[in-house]
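A quick write-up on the structure given underneath.
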C-alpha cells in the first residue's frame, strides 16, 4: 500500500557496449540474493533472500517491511531540447554528459528534482553526489518527504544506459531508514545491465490446472489465499510474488496488469469506504496528477456499485501521471470474512477500454473460499 512509485531518468550511451555484460548469457545470482526484476527490463535487480519480492505492480522491487522498500524502474524522459549526445560513461567518467541541457543526466536530474519537489514537506538532506551503477556514472539524491502523514527518507540513484533512464530507490520511514541503508547500498552494487530484456526467473511458481476453471480461463492463485483467481488463457502470469498477490499482463504494449490482493485491517468494522479513504490519502500524496473519475450514488467522487465474485463491491476509477504516461486504474474493493480484497486493473489510459471486458470476466469468476481448505 505504501510503496511509492515515481517517474525519473538519468545518464549515458555510446561506449557502453564494452562495459555491458555479454548478451549471450545471464550473470549468476549473487549468493544469498534472488531476482526482483520484472520481465522485459534491461537490468537485473537482485535482493537478499530475506526480502519479499514485489513485482506485481509492474515495477521491479522488494520490501523487508511493508514500508521499507527498494525499487528500480525505467522512466521516459523527453526534454524539449533533447540532443543526441554521446554519453559513454564508464567508471565515473562523464563522457560529455555533464551539461545541463538536452538529453543528459544533469537535465534529467533537474527535471526529476522539480517533480519530487512537489511532494509534501519535501526537503533535500544532502547535496547530489556522484556514484556509479554497474560501472556507469550516476547521481545520488537524498531527501525526505511526508507520505500519508509519515515522514520518509529516500535514497535514489539516477542513471542512463544505452539511452534509457533509470531510477533505483530505497525508502523507509525516517526513524527506521538507517536500519537497512547499508543493505540498500549493497543491493545497488549488485545491479547489472544487459543488451537483452529479462525473460523471467526459472523459479516461477507453477499453478496446477483447475478442473473448475471457467471455459477459456486458467487459475493463477494458490491454496495459500482465500480465493480462486482466474484469468483468460491469453494473459501471461508472473507468480514470483508472495502468495496473496497475483499479477497478470498481456504483452501487447498496453502496460495492462491486474492484481488481486488481500489486506488485513488492524481495526474491527473496517469498511470498504475506510479502505478507500486510506488508499485515497496515500495516492494523493504519492501519485502525480491523481484524479478520481468514478462517482458514488450521490454523484460525489467515490465508488460505483459492483461485484467481486458473489461479494458486493465498490469500483473506484482514477488516473495518474507516471514517467511521461497517463495511467488509468479501476480498483474493485470488497470484504470477505475479516479481510478486505481488491482487484486492481491498471493500463495506459489510451488502452484502458481494450481489456475491460477481460477484467470484468476476471472479477466475475473470483471464488472465495477458506484458506485452510483445498478446492
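Residue numbers (the working numbering): 37 to 411.
Just so you know, even glycine gets a beta-carbon here, dropped at the ideal spot from N, CA and C.
Values in this document were obtained by computation on a predicted structure and should not be read as measured data.
Judged by beta-carbon spacing, residue 69 lies within the 8 angstroms limit of residue 226, meaning their Cβ atoms are closer than that value. Judged by DSSP in its simplified three-state form, residue 222 adopts helix.
The C-beta of residue 344 has 16 or more other C-beta atoms within 10 Å across all chains shown, which makes the residue buried.
Looking at the DSSP output, residue 248 bridges to nothing. Counting along the chain, the unbroken beta strand (DSSP E) around residue 159 starts and ends at 159-169.
Annotation: residue 346 to residue 402 spans about 8 angstroms, alpha carbon to alpha carbon. Fewer than three Cβ pairs drawn from the region 195-211 and the region 153-165 lie within less than 8 angstroms of each other, which leaves the two stretches out of contact. Residue 78 is positioned such that its CB atom lies closer than 8 angstroms to that of residue 233.
Under the three-state reduction of DSSP output, residue 405 falls in the coil class, being neither helix nor strand. Per DSSP, the beta-bridge partners of residue 367 are 352, 380. Boundaries of the beta strand (DSSP E) around residue 253: 253-255.
Separation of the CB atoms of residue 325 and residue 357 is rounded to 4 angstroms, and the pair is thereby assigned contact status at 8 angstroms.
Buried is the label assigned to residue 139, since at least 16 other Cβ atoms lie within 10 Å of its Cβ. Assigned with DSSP and collapsed to three states, residue 330 falls in coil, not helix or strand. Residue pairing of residue 343 in beta bridges, as defined by DSSP: 348. Our two residues, residue 338 and residue 306, have alpha carbons roughly 17 angstroms apart in a direct line. Beta-carbon to beta-carbon, residue 318 and residue 184 are separated by about 4 angstroms, close enough to satisfy the 8 angstroms threshold. In this chain, residue 300 is not harboured by any beta strand (DSSP E), its DSSP state being neither H nor E.
Between the alpha carbons of residue 167 and residue 109 lies a gap of roughly 18 angstroms. The beta carbon of residue 353 lies closer than 6 angstroms to those of 329, 330, 366 in the same chain, with the five residues before and after it left out.
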